[in-house]
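Under mature numbering (1 follows the signal peptide of the UniProt record, and there is no 0), the residues of the sequence shown are numbered -15 to -1, 1 to 336, in order. Single-structure report; data block below.
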Amino acid sequence: MLFIALLCASSDSSAIGNSSNVKGTTLNIGICNFRLGRNCGQSNVTFYLYTNNQVEGEQIVVNKSSSNLLQTAFNVSLETKILIHGYNSDMFLGVLNGIKTEYFKSGKLNVILIDWSDYAKGPCYPAAVWNCRMVGNCLSQLIDAIRRISTSNVHLLGFSLGSHVAAFASNYASKKVKRITGLDPALPGFATAANENKLDSSDADFVDVIHTNAFMQGTPLQSGHIDFFVNGGIIQPGCMQEGNVLACSHHRAPIYYGESINSVPGFWGWSCSSFWEYLIGRCWKSGNQTIMGEHTDPNMRGIFLVITNSQAEYAMGPYSNTIRNFIKMNNDKLQQIAQILLKDVKIISIK
């Protein structure tokens, strides 16, 4: 997969500049940077710590054997949440900072944002895919540094390409993390990848995944121990009125997750044997319901379908009339998909 990504970047180099050269551990093709190997030395992958008392980000410096964690506001007794952005983005992405804000409303935590924007910038998507392994290796060094001073849990939350970065990081660490949350894991570049090259249920003790833009920017494949397909998992309600329906739907995954942290009604889903069974209309009965998001039961397994409101607050709580809502959702979905196919939608950016 990664070899193919590099070939794609090379074939497109004329569109972004004819110059290509190798500088140290980086291959530059036009404005695109392909990091060679997994070595983190002198890479521009940075980590910033936030706590309830440290509202301004405090940089963490880490390598294979040491870090400055004990010289920061890091609290060894608290759980650590690590948020990972995706393509054409950075650590200041609003939907991820929304999750950070909700976490601090809920209690005391260490929250770390990773910034790998130098290796994820547009229009260099093949390079961003290629660089996921190296970024994952850098993150694994931070995970090991935390474990050297703390026994508290580490929870990785990745959005889009960040989901796959989380998978690499957990596997490169000395021991896999307890939990990875995949927020609409990226599809392009990973559609045919083997499990070891993308997020899957083997990457942590518990992997939960939220799908909001399947077949488009996000994968339709089951990628965790439990996968939630929200509003059909393809186009989200309210996004047809937005300028970029795909970006709107893609970003709903971290938005729903952020709301789930402190939501009273919660996001509830009912079980379905598979996403494909849903697509052919065989998931009519409500079955078992379980909650989606921060408070998902780590013992639950399988595929679950979730319905939301079209605007915040999105959570609808447990379903008392699932079939009626499900029929309405399917009718709306068919109309929305038909409109997209007729409009010749162009993906401008994937974040």
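Where is the CB? At the ideal position from N, CA and C, for every residue including glycine. Since the model is a prediction, treat every value here as computed from it, not as a measurement.
With the cut-off set at 8 Å, would you say residue i and residue j are in Cβ contact?
i: Gly167; j: Gly251; result: no
i: Ser258; j: Ile292; result: no
i: Val162; j: Leu184; result: no
i: Asp103; j: Ser155; result: no
i: Thr57; j: Glu43; result: yes
i: Leu172; j: Gln207; result: no
i: Leu55; j: Ile45; result: no
i: Ile16; j: Ile67; result: no
i: Ile84; j: Tyr299; result: no
i: Gly217; j: Pro205; result: no
i: Arg170; j: Ser148; result: Inspection of the sequence shows that residue 170 is occupied by Pro rather than by Arg. In this structure, Ser148 lies closer than 8 Å to Pro170 by Cβ.
i: Arg286; j: Ile195; result: no
i: Trp253; j: Asn273; result: no
i: Tyr88; j: Asn122; result: no
Can you tell me whether residue i is helix, strand or coil according to DSSP?
i: Leu21; result: coil
i: Asn156; result: helix
i: His140; result: strand
i: His235; result: helix
i: Val162; result: coil
i: Trp253; result: strand
i: Ile134; result: helix
i: Ile308; result: With a pLDDT of 46 at Ile308, under the threshold of 50, the modelled position of that residue is not reliable, and the figure given next carries that caveat. DSSP places Ile308 in helix when its eight states are reduced to three.
i: Asp190; result: coil
i: Asn149; result: Per the sequence shown, the amino acid found at residue 149 is His instead of Asn. Correct three-state label for His149: helix.
i: Leu172; result: coil
i: Ala199; result: strand
i: Ile246; result: coil
i: Met119; result: helix
i: Met225; result: helix
i: Asn180; result: helix
i: Gln126; result: helix
i: Leu264; result: helix
i: Asp282; result: coil
i: Asp100; result: strand
i: Ile292; result: coil
i: Ile16; result: coil
i: Ser276; result: Checking the displayed sequence, the identity of residue 276 turns out to be Ile instead of Ser. DSSP places Ile276 in strand when its eight states are reduced to three.
Contact defined as beta carbons within less than 8 Å: I believe residue i pairs with residue j. What is the distance between those atoms, to the nearest angstrom?
i: Gly278; j: Ile240; result: So it is not a contact: roughly 11 Å between Cβ atoms.
i: Phe260; j: Phe214; result: 6 Å
i: His235; j: Thr197; result: 6 Å
i: Ala238; j: Phe144; result: 7 Å
i: Ile165; j: Ala151; result: 5 Å
i: Asp193; j: Gly209; result: 5 Å
i: Val249; j: Gln126; result: With a Cβ gap of about 39 Å, Val249 and Gln126 do not count as contacting.
i: Ala113; j: Leu146; result: 6 Å
i: Thr10; j: Asn18; result: About 10 Å separates the two Cβ atoms, so there is no contact after all.
i: Gly223; j: Ser295; result: 4 Å
Margin query: I'd like the ranges of any alpha helix (DSSP H) spanning at least 4 consecutive residues and lying wholly in the region 26 to 94.
Written below: Counting only runs of 4 or more, we get 79 to 91.
Notebook entry, point to check: Pairing CB atoms from the region 65 to 80 with CB atoms from the region 16 to 25, are three or more of them under 8 Å?
Noted result: Taking 8 Å as the limit for Cβ pairs, the verdict is that the region 16 to 25 does not touch the region 65 to 80.
Next item on the list: Determine contact between the region 108 to 124 and the region 167 to 182, defined as no fewer than three beta-carbon pairs at a distance below 8 Å.
Entry: With a cut-off of 8 Å on Cβ pairs, the region 108 to 124 is in contact with the region 167 to 182, counting three or more such pairs.
Item checked: Three or more C-beta pairs below 8 Å linking the region 50 to 69 and the region 92 to 102 -> Cβ pair count under 8 Å is three or more, so yes.
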